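Here is the structure we will look at, set down as structure tokens.
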Amino acid sequence: MSELLIRNVWKEYGAQIVLERINLHLPAGSFVSLVGPSGCGKTTFLRMILGQEQPTRGDILLDGKPIPREPGPDRGVVFQRYSVFPHLTVIENVLIGFELAAASFSGVLRGLAREEALEQCRALLAQVGLSEHADKFPRALSGGMQQRLAIAQALAKNPKILLLDEPFGALDPGTKSQMHELVRHLWKTNAMTIVMVTHDIREAFELGTRVITFDRPRRDPHAPERYGATITYDIPMNDPIISAHKPQPRPDASLFQ
Amino acid sequence: MRRIMNVNPDRVTKLVLGLAPIGLVILLYVMMSHERLLLNPADKLMPSLASMGDAIVRYAFTADARTGDVLLWKDTGASLIRLFQGLAISVCAALAVGLLLGVIPLIRAGFAPLISIVSVVPPMALLPILFIIFGLGEVSKIALIVIGLAPFLMRDLTHHVQSIPVEQFIKAQTLGASTWQYIVRVALPQTLPKLIQSTRLSLGPAWLFLISAEAIAAESGLGYRIFLVRRYLAMDVIIPYVIWITLIAFISDLLLGALSRKLYPWAHDEEPST
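Which chain is which? The protein sequence lines are A and B, in order.
This note's numbering numbers the first residue of the first sequence as 172 and each following residue consecutively.
This note's numbering numbers the first residue of the second sequence as 4 and each following residue consecutively.
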């Protein structure tokens, strides 16, 4: 659980300004939803926190220190797709996190150390409800189960911050609401800081303790690329008045099928 | 009436449809050979099945009077050893180069242009150079196979390694993977089934280069024998040899496919057996 500080971050690709003047402070334990129109730079923003891309200007500080210029185990991630390794079984997908940390040359754990790590993996799989599927390959899992596996993988590293890039975008409504329950539960029990990019406004308000919208407040019709998106709304969801109006969790959609 | 493109054959129909053209080709050959032999019993161009049978007995089951070797097996052994050595060297080199180029952008920037250029050099044009450098022995034949296959396999595998989704590349790093660990735990295992696939596709060219090299300078080998007996228009030997080579190539392709399905069930379309 860590705090994240974004100081005057800009992102430009050549003459094209994607993001400008992003200032944001996320206290430890926040669950922030990022929403905004397509192409407004939400995912670019997430990639900069991840270290996959670098800001053109400004700083991103995790617990007061600039984040490394590449992805690392302190920042976990779940993408919309392709987050899990197709060549490893479910439990091996979780185990690999332990193996990479413990065996720097072979990347494989053997003997007692492996048994101990497997014990922890089983506990993680139980948390996300995949215990029965431990020995299957990801291709035999449904989309929702693959995403749960990706979450378990990320939890294995106990990251300071968990980044979710439209994690439930490809799921059907019933599975989606189950995943919401799961993520909310994991967030509470593991005391994590979470940043989630989503297209689903309802999801953003349901899960987040804070909803942030990105948009382009300024536009030059002759040079549309010269103004980037920035934070246009920053809505705290733990405000008592807003909380009173916070939508109730939807009934399980599987009832209607 | 359904559209013809919607009509799928069942198992039996598929088998019959598949075997029919093969049977037809054999039948056509037998008829034409029979016609020619009626006109001229000494005709060599289309020998009867019986004379091919005689040739098979002579070459596959009788020791050669001069050397005491059974020629078909000696030739098969010589060719397969060359083929296997050439393939093994090409595949190992391609795997190492493909992983390094696919994963590390600096190495890719350095070597990808060279490999692209080398892979379009026609290998047969290099054969004289190989003979000059390595002599007429085994090395130049194996070298021809390697030169023919390795650059193609290197490009192919580099491409496969690069096409692993970027999500997995990032995910592995968030799980703590170093460059080396990404190579051995993510890139390598996902490349191996592709390697088998590419090797299957390379079998044809590998045989092409092998037989070419044997035809020009060798003392044994399937290609050598075919080109040797060509001098006597010995079609009764050439045809069984060609069928034998085809059979070996066909079976090695099937074996590689089965190996891949057994070792890498996750990479194939069928449901994995878990």
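Yeah, the Cβ is synthetic: ideal placement off N, Cα and C, and Gly gets one too.
Treat the numbers as computed from the prediction; the structure is a model and nothing was measured.
Notebook entry, point to check: CB Ser143/B to CB Phe134/B, shorter than 8 Å?
Noted result: yes
Check: Pick from Ser201/B, Lys265/B, Leu225/B and Ile229/B: whose alpha carbon is nearest that of His162/B?
Finding: Ser201/B
Notebook entry, point to check: Within this structure, are the beta carbons of Glu217/B and Ser82/B separated by less than 8 Å?
Noted result: yes
Item checked: Local conformation of Asn179/A per DSSP, three classes -> strand
Check: Of all Cβ atoms in chain A, is any one closer than 8 Å to the Cβ of Pro286/B?
Finding: One cannot answer for residue 286/B here, as it falls past the ends of chain B, which runs 4 to 277.
Next item on the list: With His196/A as the anchor, note down where its beta strand (DSSP E) starts and where it stops.
Entry: For His196/A, the enclosing beta strand (DSSP E) has its first and last residue at Gln187 to Leu197.
Note to self: Taking the beta carbon of Thr3/B as the centre, do at least 16 other beta carbons fall within 10 Å, making it buried, or is it exposed?
What the structure shows: Only positions 4 to 277 of chain B appear in the structure, and residue 3/B is not among them; the question remains open.
Item checked: Under 8 Å from the C-beta of Tyr398/A: neighbouring residues of chain B -> Under the 8 Å cutoff, chain B gives no residues; its nearest Cβ is about 28 Å from Tyr398/A.
Note to self: Taking 8 Å as the threshold (beta carbon to beta carbon), is Phe339/A in contact with chain B?
What the structure shows: no
Next item on the list: Leaving out five residues on either side along the sequence, give the residues of the same chain with a beta carbon under 7 Å from the beta carbon of Met4/B.
Entry: none
Margin query: I need the DSSP call for Tyr398/A, collapsed to helix, strand or coil.
Written below: coil
Notebook entry, point to check: Does DSSP put Asp78/B in a helix, a strand or coil?
Noted result: helix
Notebook entry, point to check: Three or more beta-carbon pairs under 8 Å between the region 363-375 of chain A and the region 315-335 of chain A, yes or no?
Noted result: yes
Next item on the list: Please go through the same chain and pick out, in chain order, the residues whose beta-carbon is closer than 7 Å to the beta-carbon of Val33/B, but skip the five residues on each side of it.
Entry: Same-chain partners within the cutoff: Leu52.
Notebook entry, point to check: So is Thr277/B buried or exposed if we call it buried at 16+ other beta carbons inside 10 Å?
Noted result: In this prediction, Thr277/B has a pLDDT of 39, which is less than 50 and means its spatial position is unreliable; what the coordinates show is noted afterwards. Exposed.
Check: Looking only at DSSP bridge pairs, what is Val382/A linked to?
Finding: Ser204/A and Ile406/A.
Note to self: Let me confirm a value: Lys347/A is counted as buried when at least 16 other C-beta atoms fall within 10 Å, else exposed. Which label applies?
What the structure shows: Lys347/A is classed as buried because its beta carbon has at least 16 other beta carbons within 10 Å across all chains shown.
Notebook entry, point to check: Going by other Cβ atoms of all chains shown within 10 Å of its Cβ, with 16 needed for buried, is Phe427/A buried or exposed?
Noted result: Confidence at Phe427/A is low in this model, with a pLDDT of 46, below 50, so the placement of that residue should be treated as unreliable; the coordinate-derived value is given next. Exposed is the call here.
Checklist line | Against chain B: residues of the region 239-259 of chain A by CB proximity under 9 Å | finding: Glu241, Pro242, Gly243, Pro244, Asp245, Arg246, Gly247, Val248, Val249, Phe250, Gln251, Arg252, Tyr253, Ser254, Val255, Phe256, Pro257, His258 and Leu259
Next item on the list: Could you tell me which of Val28/B, Gly207/B, Tyr185/B and Met55/B sits nearest to Gly278/A, measuring between CA atoms?
Entry: Tyr185/B
Item checked: As assigned by DSSP and simplified to three states, the class of Arg246/A -> strand
Margin query: What ranges does the beta strand (DSSP E) occupy inside the region 241-326 of chain A, keeping only unbroken runs of at least 3 residues that lie completely in it?
Written below: 246-249
Next item on the list: Kindly indicate which residue of Glu222/B, Leu258/B, Lys265/B and Ile251/B has the alpha-carbon position closest to the one of Leu74/B.
Entry: Glu222/B
Check: To the nearest whole angstrom, what separates the beta carbons of Pro243/B and Met55/B, a pair I think is in contact under 8 Å?
Finding: 5 Å
Note to self: So, for Lys182/A: in the same chain, excluding its five sequence neighbours on each side, which residues have a beta-carbon less than 6 Å away from its beta-carbon?
What the structure shows: Val189, Leu190, Thr215, Pro226 and Thr227
Check: What do you reckon, are the CB atoms on Ala261/B and Leu86/B nearer than 8 Å?
Finding: no
Margin query: Please list, in chain order, the residues of the region 227-246 of chain B that have any C-beta partner in chain A closer than 9 Å.
Written below: Those residues of the region 227-246 of chain B that come within reach of chain A (Cβ to Cβ, closer than 9 Å) do not exist; the list is empty.
Notebook entry, point to check: Residues in its own chain within less than 7 Å of His356/A by CB, not counting five upstream and five downstream?
Noted result: none
Check: Three or more beta-carbon pairs under 8 Å between the region 366-384 of chain A and the region 204-220 of chain A, yes or no?
Finding: yes
Next item on the list: Consider the Cβ of Lys174/B: report whether some Cβ of chain A lies at a distance smaller than 8 Å.
Entry: With its beta carbon less than 8 Å from one in chain A, Lys174/B belongs to the interface.
Note to self: Using a Cβ distance threshold of 8 Å, determine whether the region 253-269 of chain B contacts the region 289-302 of chain A, with at least three qualifying pairs required.
What the structure shows: no
Margin query: Would Ile220/A and Ile193/A qualify as a contact pair, given that the criterion is a beta-carbon distance under 8 Å?
Written below: no
Notebook entry, point to check: What three-state label does DSSP hand Arg228/A in the structure shown?
Noted result: strand
Next item on the list: Assuming Ile267/A contacts Leu178/B (C-beta within less than 8 Å), just tell me the rounded distance between them.
Entry: 6 Å
Note to self: My output table needs one value for Pro192/B: the three-state DSSP class, helix, strand or coil.
What the structure shows: helix
Check: Is it right to say Glu270/A is buried, meaning 16 or more other beta carbons lie within 10 angstroms of its own, or is it exposed?
Finding: buried
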